[in-house]
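Asker:
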Amino acid sequence: NSAQSGGTDTFKAEKLADNLYKIPVHPDDAVVGPADAKVTVIEFADFQCAYCKKVFYNLKILKDRYKDQVRFVFKHFPMNTLCNKHIKNNRHRWACNAALTAECARRQGKFWEVHDLLFKNQHRLKKVDRDFYAHSVGLDMSRYADCMRDRGAPRENLARTMQEGADIGITATPRTFVN
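Laid out in structure tokens, this is it:
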């Protein structure tokens, strides 16, 4: 279960009690569905995680069926110490760059399209592959390249979601919370 914070004063995730978490939905999170939905599903995932891919296919069915009734929120938690200081092992070599690709796509309004391609093709996440996915969904490739090089805001947003995951004790993916 998750309790949500709608205020702009705090965006800190925390464990409130057994199986009760406060996980805020930040304006820079990838979200689909109505803001006033009675049900919110928050997912912490890694694009290279095989279990996350299984959850992706199950959630995709729900998103397609209930996108007008349920709010779905994606938060990055790559399992690689190159970008995620909250884990101990480098399980997924391409996870950090895949997360950054999705974040740069979100900044152009194409997060979910790239999200789907990254999960469906998680065995192909090298730069040439990610660039192909970005191009295939119609991203402005100049803006995309600038975003991928940017050491500021895109990476800070990824770091925020990883910190939220760490704040509630996440050490592996996937982790999904409902309301």
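Heads up: the sequence shown begins at 25 in my numbering, then just goes up one per residue.
Even for Gly, the Cβ is constructed at its ideal location relative to N, Cα and C.
Opposite Glu67 in the DSSP bridges: which residues?
Answerer: Phe98, Thr200
Asker: What three-state label does DSSP hand Lys144 in the structure shown?
Answerer: helix
Asker: Contact defined as beta carbons within less than 8 Å: I believe Ala122 pairs with Gln187. What is the distance between those atoms, to the nearest angstrom?
Answerer: Taking 8 Å as the upper bound for CB-CB distance, Ala122 and Gln187 are not in contact here, some 19 Å apart.
Asker: Can you tell me where the beta strand (DSSP E) with Asp44 in it begins and where it stops?
Answerer: Looking at the sequence itself, residue 44 is Leu, so the reference to Asp does not match. Taken as a continuous stretch (DSSP letters only), the beta strand (DSSP E) holding Leu44 covers 44–46.
Asker: Leaving out the 5 sequence neighbours to the left and right, which residues in its chain are closer than 7 Å to Asn195 when beta-carbon positions are compared?
Answerer: Reading the sequence as shown, one finds Thr at residue 195 and not Asn. Here the set comprises Ile111.
Asker: So what does DSSP say about Lys78, is it helix, strand or coil?
Answerer: helix
Asker: When you compare each of Ile66, Phe156, Cys128 to Arg173 by their alpha carbons, which one comes out closest?
Answerer: Ranking the options by Cα distance to Arg173, first place goes to Cys128.
Asker: Lys77 and Trp118 look like a contact to me (Cβ under 8 Å); what is the Cβ gap, rounded to whole Å?
Answerer: That belief does not hold up - the Cβ atoms of Lys77 and Trp118 are roughly 13 Å apart, past 8 Å.
Asker: May I have the straight-line CA-CA distance separating Leu83 from Glu67, to the nearest angstrom?
Answerer: Straight-line Cα distance between these residues: approximately 10 Å.
Asker: Does DSSP classify Ser29 as helix, strand or coil?
Answerer: Unreliable placement is indicated for Ser29, whose pLDDT of 41 sits below 50; the coordinate value is still reported in the next sentence. Coil.
Asker: Could you tell me which of Ala158, Val97, Asp42 sits nearest to Ala61, measuring between CA atoms?
Answerer: Val97
Asker: Using CA atoms only, rank isn't needed, just tell me which of Thr64, Pro178, Leu141 is closest to Ser160.
Answerer: Leu141
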